[in-house]
Amino acid sequence: MEYIIEMLGITKEFPGIKANDNVTVQLKKGEIHALLGENGAGKSTLMSILFGMYQPDKGVIRKNGQEVKITNPNDANRLGIGMVHQHFKLVHNFTVLENIILGVEDTKYGKLEMSAAREKVLKLSEMYGLMIDPDAYIQDITVGMQQRVEILKMLYRDNEILILDEPTAVLTPQEIDELINIMRNLADEGKSILFITHKLNEIKSVADRCTVLRKGQTIATVNVADADKEQLSEMMVGRKVKLQVEKEKSNPGNPVLKVENLSVKGRTEGKNSVNNVLFEVRAGEIVCIAGIDGNGQTELVEAITGLKDSIQGKIILNGKDITKMPIRRRTLSGIGHIPEDRHKHGLVLEYTVEENMVLQSYFEPRFQKFGFLRFDSIKEYAKGLISQYDVRSGMGEKTVVRSMSGGNQQKAIIAREIDRNPDLLIAVQPTRGLDVGANEYIHKKIVEHRDSGKAVLLVSLELDEVLNVSDRILVIYEGELVADIPADEANAQELGLYMSGSKRREQ
Amino acid sequence: MKKEHNKKCSLLATESFGSFSASVMAVLVGLLFGLVILLLTNPSQAVYGFKAILFGGLSDMKNLGQVLYFATPIIMTGLSVAFANKTGLFNIGASGQFITGAFAAVFVGVKVQSLTGVSHWLFALFMATLVGAFWAVLPGVLKAYCNVNEVISCIMMNYIGMYMVNLLVKNFVFDVRKNQSMAVAKTAVSPKMGLDSIFKTGYSTSSVNAGILVAVLAGIIVYIILEKTTFGFELKACGYNREASRYAGINEKRSIVLSMMIAGALSGLGGALLYLAGSGKSIEVLDVLAAEGFNGIPVALLGLNHPIGVVISGIFIAYLNVGGFNMQLYNFAPQVIEVIISVIIYFSAFALLMKGFIMRLAKGKEEK
Ligand SMILES: Nc1ncnc2c1ncn2[C@@H]1O[C@H](COP(=O)(O)OP(=O)(O)OP(=O)(O)O)[C@@H](O)[C@H]1O
Ligand SMILES: [Mg+2]
């Protein structure tokens with residue numbers, strides 16, 4: 001069998017860590033090849049090498065049996081290699097269309113020629129069901145839509161080898177199904193796909209073969225059909241992983257958060273993104289807001305945490321009205337927030353791990369004295385969290401966060417927010433991008449948090465997580481809550497109906 | 508595990524070494540270009556001229572004192588620009604802050620006669636700092652609350668500042684015969700603190716004064732604020748990621764305004780230190796923006812925005828300037844000298860872009 005791409009014996013070292021250690025991956029033409037590995041195993045690094053963003057220290061890359069040098073993304077593009085990065089590379093003040101054509105734009109008399117491009121983009125978007133608004137600005141659209149833009153960007157360039165670095169981490173289940181269909185179609189057309197994901201279901205349903213990495217080394221390449229999920233996860237983590245969350249029945253106490261008739265203005269005039277929402281979260285319970293991305297859950301959370309103003313209604317935390325409070329005071333009143341977009345809100349990427357670990361608490365007496373930071377205690381504190389939450393990186397607490405793998409960045413945020421022991425933990429897509437082992441651990445921590453008598457508001461697009469972790473499920477549709485169901489009475493079909501707006505509870 | 512730790516340390520060392528050697532390399536490249544220009548303009552005297560640049564500042568104690576004297580204002584504006592950079596702002600308004608601060612100092616120096624002794628000087632410095640900070644408020648507020656790019660508003664503030672100071676000088680502290688501001692009272696002049704008796708050659712003393720100590724002190728304070736305090740932690744966080752700072756409950760609008768004001772205060776203080784130096788320099792009524800403000804930019808760049816680096820690069824650039832004066836001995840026109848000095852400075856700054864390149868080079872060597 002001919003391989004279209006071979007990466008042989010690739011080694012890449014970063015300060016303090018060997019991200020890839022003699023890794024070999026061989027991609028057949030027309031196959032969907034999954035890469036599986038723990039957070040920090042080196043998957044993104046390997047793909048960035050194939051895309052020309054890093055140079056390997058050792059090893060060769062072959063295309064169709066011929067050795068090639070890929071020194072930058074343009075080389076990769078010429079070889080027909082396209083990549084969607086784990087963290088998107090979009091220009092925020094450009095429109096969707098401008099982003100898609102950026103770098104390959106047509107010009108006529110020195111002027112941008114967009115109409116042909118627009119046609120092609122719209123055709124592609126329709127063909128693959130990648131719904132986008134070509135004239136919206138990136139800064140105004142949801143993470144989910146940004147992802148679709150990234151995929152379109154690659155399709156627009158007619159790439160034949162497609163690298164998808166955790167494309168599904170930010171998509172809704174429906175979108176994932178669609179994407180999986182798209183990937184199948186693309187593979188049928190002869191395109192070859194390298195696909196990184198932490199979700200074993202997806203690997204089982206779409207991938208032909210799977211290469212497992214652990215700590216920078218290749219463990220094995222297997223035919224997906226011959227391995228079950230348990231085997232795959234064991235290969236990857238090196239131990240058995242419980243894929244099911246274990247928890248007792250909840251025992252809710254007094255309400256911690258009360259949201260009363262809350263409305264948040266929408267992006268477009270005349271339509272609220274959150275409309276007259278009423279619910280409460282009690283101590284000792286995990287309430288989940290389920291819904292398709294873009295139905296107002298982002299705005300709802302931003303209104304509760306204070307990142308956005310509400311136009312109507314009340315937010316009450318522990319009996320105190322916090323509707324008009326500034327963010328810092330809300331945080332201190334007992335809100336912890338794992339934000340949806342870790343790069344936009346969750347982290348200062350230029351800061352080190354330890355600095356990010358105290359981002360919400362640097363002003364507390366344990367971390368400062370007379371306004372001077374107490375570096376020793378910050379370091380000790382960060383080290384504790386790093387080992388407790390298994391945050392992996394090259395240089396421990398001194399690692400600049402930008403250089404960490406996506407999953408480990410996420411773990412750092414979770415560690416920071418849970419460790420502050422907030423009365424109300426708001427977790428938006430907390431396990432986005434985490435490997436199955438970390439996933440299990442974080443779910444366990446969230447349940448522990450509940451069991452210690454705190455309230456948890458979980459926002460998730462993933463039905464598995466919704467059904468698995470929560471005690472009560474609220475479904476949000478077009479800014480309104482359309483269902484309120486105890487988790488043990490809910491099932492995926494029914495939730496799906498609520499989420500798509502085909503069903504709603506009697507008011 | 509132990510071994511891994513060792514490795515971390517050695518790599519850390521190369522990192523900071525990398526940035527330092529980058530600055531040194533940049534300077535060497537700048538000097539090389541300077542030499543090329545010299546050879547092109549005046550081949551016969553080029554080598555002498557170049558020697559004068561390289562060693563003029565060191566030729567005697569007086570010249571060394573002059574170096575420190577010239578370094579003082581550009582260290583201050585360099586700190587101003589560097590501070591703003593570290594907090595995510597580009598302070599191109601140092602010029603306006605510098606000159607308004609200078610006016611405040613001169614005004615106090617001339618008009619406030621009730622203060623005696625060193626308190627007069629200190630009060631003049633204080634007012635200059637305040638006015639410099641004030642001059643940066645508007646760009647800061649516009650940036651924070653209306654998202655107006657600070658570069659544009661700073662440039663406007665530069666012109667407003669310059670013309671306003673011209674007007675104020677004429678109205679309040681004008682020396683008609685010299686078309687410049689009046690001399691300040693003796694008490695407002697920066698004390699010498701014995702520096703003049705160290706930095707002199709024979710009976711000819713240099714203009715060095717306590718100003719340089721103030722500048723170095725300012726560098727240390729800026730360093731402490733940025734690297735050691737919660738306040739600096741907040742300001743830098745806002746500079747790197749405004750949204751994340753907001754998420755963390757930092758009042759990001761206030762931080763932006765404060766960053767701008769501190770930057771302005773540093774420039775304003777610089778203006779005071781120059782015009783209270785007792786070297787006979789007064790504010791001239793000319794339609795020219797204060798060059799010290801713009802010179803802060805390469806100083807900051809060459810110092811890698813690090814406060815201590817800024818102090819060093821400020822002294823270095825002043826050193827080139829003093830060397831440049833000596834070139835007049837070899838019949839170089841002052842304009843040519845200025846061009847050459849600028850070439851060296853700007854090419855040095857430019858060559859900093861090679862930082863990444865040097866790091867890669869160092870890494871390649873290590874592997875062999
Ligand atoms: N530019 C960089 N500088 C320094 N270290 C880096 C850099 N990029 C990655 N690393 C380190 O290399 C290791 C592998 O990172 P990589 O991003 O490839 O992991 P990953 O397998 O994609 O993980 P995840 O599932 O979390 O995305 C990590 O420990 C990371 O800290
Ligand atoms: Mg990754």
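For the protein sequence lines, the chains are A and B, in the order given. Residue 1 is where the first sequence starts when you use our numbering, and the numbers rise one by one after that. Residue 508 is where the second sequence starts when you use our numbering, and the numbers rise one by one after that. All C-beta atoms in this analysis are idealised placements derived from N, C-alpha and C, irrespective of residue type, glycine included. Just so it is clear, the structure is predicted and the values come from calculations on it, not from any experiment.
(message) At the level of alpha carbons, what is the spacing between R184(A) and V482(A)?
(response) Just so you know, the alpha carbons of R184(A) and V482(A) end up roughly 34 Å apart.
(request) Kindly identify the DSSP beta-bridge partner or partners of K369(A). (result) According to DSSP, which records beta bridges pairwise, K369(A) is partnered with F372(A).
(request) Output the residues surrounding ligand 4, defined as those with a CB atom closer than 7 Å to any ligand heavy atom, in chain order. (result) With respect to ligand 4, the structure offers nothing, as its ligand set consists of ligand 1 and ligand 2.
(request) Using a Cβ cut-off of 9 Å (strictly closer), state whether Y782(B) contacts chain A. (result) Y782(B) does not count as touching chain A.
(message) If you measure between the beta carbons of S766(B) and T584(B), is that distance less than 9 Å?
(response) Going by C-beta atoms, S766(B) is not nearer than 9 Å to T584(B).
(request) Entirely within the segment 414 to 466 of chain A and at least 3 residues each: give me those beta strand (DSSP E) ranges in chain order. (result) Correct list: 424 to 428, 455 to 460.
(request) Kindly indicate which three-state DSSP category H813(B) falls into: helix, strand or coil? (result) Secondary structure of H813(B) (DSSP, three-state): coil.
(request) Could you tell me which of E791(B), V723(B), M634(B), A755(B) sits nearest to S820(B), measuring between CA atoms? (result) Distance from the Cα of S820(B) is smallest, within the candidate group E791(B), V723(B), M634(B), A755(B), for V723(B).
(message) Going by C-alpha to C-alpha distance, which of R62(A), V143(A), R374(A) sits closest to K735(B)?
(response) Of the listed residues, the one whose Cα sits closest to K735(B) is R374(A).
(message) I'd like to check one pair, V850(B) with F540(B): are the Cβ atoms closer than 9 Å?
(response) Against a cut-off of 9 Å, the Cβ pair of V850(B) and F540(B) comes out as a contact.
(message) My assumption, with CB atoms under 8 Å, is that A717(B) sits in contact with S704(B). Please give the rounded CB distance.
(response) With a beta-carbon spacing of about 14 Å, A717(B) and S704(B) fall beyond the 8 Å limit used to define contacts.
(request) Identify whether D140(A) lies in helix, strand or coil by the three-state DSSP scheme. (result) D140(A) falls in the helix class under three-state DSSP.
(message) Tell me which residues of the segment 309 to 336 of chain A have at least one Cβ-Cβ distance to chain B shorter than 9 Å, keeping chain order.
(response) Correct list: P326, I327, R328, R329, R330, T331, L332.
(message) Can you confirm whether N758(B), when its beta carbon is compared against all beta carbons of chain A, has any partner nearer than 9 Å?
(response) True, the Cβ-Cβ gap to chain A drops below 9 Å.
(request) Spell out whether any CB of chain A is found under 9 Å from the CB atom of K509(B). (result) With a pLDDT of 37 at K509(B), under the threshold of 50, the predicted position of this residue should be treated as unreliable, though the coordinate-derived value follows. No - not a single Cβ of chain A is within 9 Å of the one on K509(B).
(message) Which of the three DSSP states is assigned to V212(A) in this structure?
(response) DSSP places V212(A) in the strand class (E or B) of the three-state scheme.
(message) I want to see whether chain A comes within less than 9 Å of A856(B), judged by CB atoms only; does it?
(response) Chain A, which has no Cβ nearer than 9 Å to the Cβ of A856(B), makes this no.
(request) Consider the Cβ of G346(A): report whether some Cβ of chain B lies at a distance smaller than 9 Å. (result) So, interface residue.
(request) Could you list which residues in chain A have their beta carbon closer than 9 Å to that of N748(B), in chain order? (result) The contacting residues are H343, K344, H345, L347, V348, L349, E350, Y351.
(request) Just mark M131(A) as buried or exposed, buried being the case when its beta carbon has 16 or more other beta carbons within 10 Å. (result) Around the beta carbon of M131(A), fewer than 16 other beta carbons sit within 10 angstroms, so the residue counts as exposed.
(request) Would you mind sorting K510(B) into buried or exposed? The rule is 16 or more other CB atoms within 10 Å of its CB. (result) Note that K510(B) scores 39 on pLDDT, short of 50, meaning its location in the model is unreliable; the coordinates nonetheless yield the value given after this. Under a 10 Å Cβ-count criterion, K510(B) is classified as exposed, with fewer than 16 other Cβ atoms of the shown protein chains found around its own Cβ.
(request) Kindly say whether F195(A), judged by its beta-carbon, lies nearer than 9 Å to any beta-carbon of chain B. (result) Not closer than 9 Å to any Cβ of chain B, the Cβ of F195(A) fails to qualify, so no.
(message) So F706(B) contacts chain A; which residues on that side make the cut at Cβ distance below 9 Å?
(response) Going along chain A, no residue has its Cβ under 9 Å from F706(B), so there is no contact; the nearest lies around 36 Å.
(message) DSSP three-state label for Q26(A), please.
(response) The three-state reading of DSSP puts Q26(A) in strand, counting E and B together.
(message) If I measure Cβ to Cβ from Q360(A) and keep anything under 7 Å in the same chain, skipping five residues before and after, which residues do I get?
(response) So the list reads T331, R416, R420, once near-sequence residues are dropped.
(message) How far does the alpha helix (DSSP H) with Y879(B) in it extend, from its first residue to its last?
(response) Outside the shown range of chain B (508 to 875) lies residue 879(B), about which nothing can therefore be said.
(request) Establish whether the CB of S774(B) and some CB of chain A are separated by less than 9 Å. (result) No - not a single Cβ of chain A is within 9 Å of the one on S774(B).
(message) Less than 9 Å between the C-beta atoms of G756(B) and I327(A), yes or no?
(response) One thing to note: G756(B) has its Cβ within 9 Å of the Cβ of I327(A).
(message) Tell me the DSSP secondary structure of F94(A) in three-state form.
(response) It is coil, neither helix nor strand.
(message) Just to confirm before moving on: does the CB-CB distance between L152(A) and A290(A) stay below 9 Å?
(response) Their beta carbons are not under 9 Å apart, which means L152(A) does not touch A290(A) by this criterion.
(request) Please check if any C-beta of chain A sits within less than 9 Å of the C-beta of S528(B). (result) Residue contact check for S528(B) against chain A: no CB pair falls below 9 Å.
(message) Excluding the 5 residues flanking F14(A) on each side, which residues of the same chain have their C-beta closer than 6 Å to its C-beta?
(response) For F14(A), the CB contacts under 6 Å within the same chain, skipping 5 residues up- and downstream, are G394 in chain order.
(request) Starting from F740(B), find everything on chain A with Cβ-Cβ shorter than 8 Å and list it in chain order. (result) In chain order: E355, Y362, L373.
(request) Confirm the yes/no value for this check: CB of E539(A), any heavy atom of ligand 1, distance under 8 Å. (result) Outside the shown range of chain A, which is 1 to 507, sits residue 539(A), and nothing can be said about it.
(message) Measuring straight from C-alpha to C-alpha, what distance separates R118(A) and A169(A)?
(response) Rounded to whole angstroms, the separation of the alpha carbons of A169(A) and R118(A) is 27 Å.
(request) Measure the C-alpha to C-alpha separation of G709(B) and P841(B) and round it to an integer number of angstroms. (result) P841(B) has its alpha-carbon roughly 26 Å from the corresponding atom of G709(B).
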